[in-house]
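Engineer: Residue numbers (full-length UniProt numbering): 1 to 444.
1) Are the segment 255–262 and the segment 290–303 touching, with three or more C-beta to C-beta distances below 8 Å?
2) Apart from the five residues on each side of it in sequence, which residues of its chain come closer than 6 Å, Cβ to Cβ, to residue 74?
3) How about residue 7 and residue 55: are their beta carbons less than 7 Å apart?
4) For residue 42, which residues of its own chain have a beta-carbon under 6 Å away from its beta-carbon, when the five flanking residues on both sides are left out?
5) Classify residue 18 as buried or exposed, calling it buried when 16 or more other Cβ atoms lie within 10 Å of its own Cβ.
6) Does the Cβ of residue 452 have 16 or more other Cβ atoms within 10 Å, making it buried, or fewer, making it exposed?
7) Is it true that the CB of residue 10 sits closer than 7 Å to the CB of residue 21?
8) Is DSSP giving residue 15 helix, strand or coil here?
9) Does the Cβ of residue 289 have 16 or more other Cβ atoms within 10 Å, making it buried, or fewer, making it exposed?
10) Does the segment 303–316 come within contact of the segment 241–253, defined as at least 3 CB pairs closer than 8 Å?
11) What separation, rounded to the nearest whole angstrom, lies between the Cα atoms of residue 306 and residue 251?
12) How close, in whole Å, do the beta carbons of residue 352 and residue 185 come, if the pair is a contact with beta carbons under 8 Å?
13) Of the residues 333, 202 and 179, which one's Cα is nearest the Cα of residue 377?
14) How many Å lie between residue 213 and residue 229 at the Cα?
15) Kindly give me the distance between the Cβ atoms of residue 32 and residue 40, rounded to whole angstroms, as I take these residues to be in contact under 8 Å.
16) For residue 48, I'd like the list of residues in its chain whose CB is within less than 8 Å of its CB, leaving aside the five on either flank, ordered along the chain.
17) Mapping DSSP to helix, strand and coil, what is residue 34?
18) Sort 235, 296 and 234 by Cα distance to residue 264 and report the nearest one.
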């Protein structure tokens, strides 16, 4: 039967260590020999967990302290804590002189500490002797093995029940967390959908308001342009009326001048007709005067006709220029409307681009959330698989331990039968080595 390891040595603590020291030592050992950090230390990691599960529980620690006794050498007596009249274990009983003088207080303190250590060691040795006797009864008679086996079986069943309860609690916690994660994911999806709907609604309202403002702006601009055109047209009509009035007045003046010239010409003709005879010189002078006056009248008539033609040409030029200006205004208004429509199209395209980018970003976030959820589920599955493998390893170790215990029990039973066959007392011998030596001597 394999010897049960010293769990105090496994954790590297003293037998009198407190629960906090045991927990601290366990954390350090577990971190050093964890399979993720030290793949070759899995077996030792399991032993460390077993040691902490026993030493970390007060009841199991007390049972372990009662059962565990270090193996002393064969020359040590079970009825005396001192070996063959020698000094106590770990102590020296040489006489000590009491110092005098200034060192008296320190000596008394040291002596008191030494007495406390001796008393503690005596109690420890007594406890270990009682445990050693109980273990010797296991090796010799086998009567206590049944109680020990029942106790181990009960502890194993209790541990199994605790592990099962903890496993069920972890499973319920995992299911609860999974349900909470699903509810959270559904809530997130609903909230995202609501936010998207609200955002789309706000954007639709914004677009409607922008359209209303745009139409109102276009209406005001159209009214302003029409008003400006009416004012310019009225001003131009007024200028044309004034120009026409001025031309009419000038024409009236020219007509009056022409009538005056006609009357003068008629009067001159009457004067010439009223003079029957004239001398040649006067007649020539009068002729020259008439010709000069006729040329003057002809020049004035020609200047008047030129003036009338110039006024007509100016009116035609003004009308043509007005037509050109009106055409330029219409072209400018059409260009402004075209620019406004182009700006509106660009704004609409920009809004569509922003909306498309928002949808792509929402889709990316949704894909990232799904990927993260997938990784989280895979991680949880990996943890569950690790727990399941660890549980299977523990079960295999327990089965192996049970098998070894059964083999040890069978070996002890065979040894008892062999002693009975050889006529050796069942209570004889204190250790398996002594039992084997007695059996060998009996066979010889």
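Note that beta-carbon positions come from the ideal geometry of N, C-alpha and C, so glycine has one too.
Structural biologist: Quick answer:
1) yes
2) The count along the chain shown starts at 1 and reaches residue 74 at position 74. Any answer about residue 74 is weak, because its pLDDT of 35 lies below 50 and its placement is not dependable; what the coordinates show is given next. Counting only Cβ-Cβ distances below 6 Å, and skipping sequence neighbours, we find nothing.
3) Start at 1 with the first residue of the chain shown, and residue 7 comes out as number 7. Start at 1 with the first residue of the chain shown, and residue 55 comes out as number 55. Yes, Cβ-Cβ distance for residue 7 and residue 55 is below 7 Å.
4) Indexing the chain shown from 1 puts residue 42 at position 42. Closer than 6 Å at Cβ, skipping near neighbours: 35.
5) What you label residue 18 is simply residue 18 of the chain shown in a count that begins at 1. With fewer than 16 other Cβ atoms within 10 Å, it is exposed.
6) Lying before the first or after the last residue shown, residue 452 is absent from the chain, which here runs from 1 to 444.
7) If you number the chain shown from 1, residue 21 lands on position 21. If you number the chain shown from 1, residue 10 lands on position 10. Taking 7 Å as the Cβ cut-off, residue 21 and residue 10 do not qualify as a contacting pair.
8) Within the chain shown, the letter at position 15 stands for residue 15. The answer is coil: DSSP assigns residue 15 none of H, G, I, E or B.
9) Looking up residue 289 in the chain shown gives position 289. By the neighbour-count rule (16 or more Cβ atoms within 10 Å), residue 289 is not buried but exposed.
10) yes
11) Your numbering for residue 306 matches position 306 in the chain shown. Your numbering for residue 251 matches position 251 in the chain shown. C-alpha separation (whole angstroms): 12 Å.
12) By 1-based counting over the chain shown, the position of residue 352 is 352. By 1-based counting over the chain shown, the position of residue 185 is 185. With a Cβ gap of about 30 Å, residue 352 and residue 185 do not count as contacting.
13) Here residue 377 refers to the residue found at position 377 when the chain shown is read from its first residue. The candidate whose alpha carbon is nearest that of residue 377 is 179.
14) By 1-based counting over the chain shown, the position of residue 213 is 213. By 1-based counting over the chain shown, the position of residue 229 is 229. Each residue's Cα considered, the two are about 24 Å apart.
15) By one-based count along the chain shown, residue 32 stands at place 32. By one-based count along the chain shown, residue 40 stands at place 40. With 8 Å as the limit, residue 32 and residue 40 do not qualify as a contact, their Cβ atoms being about 12 Å apart.
16) Here residue 48 refers to the residue found at position 48 of the chain shown. Taken in chain order, the residues that qualify are 10, 11, 26, 29, 30 and 33.
17) Residue 34 sits at position 34 when you count from the first residue of the chain shown. Here residue 34 sits in coil by DSSP.
18) Position 264 of the chain shown, counting from 1, holds the residue named residue 264. Ranking 235, 296 and 234 by Cα distance to residue 264 puts 296 first.
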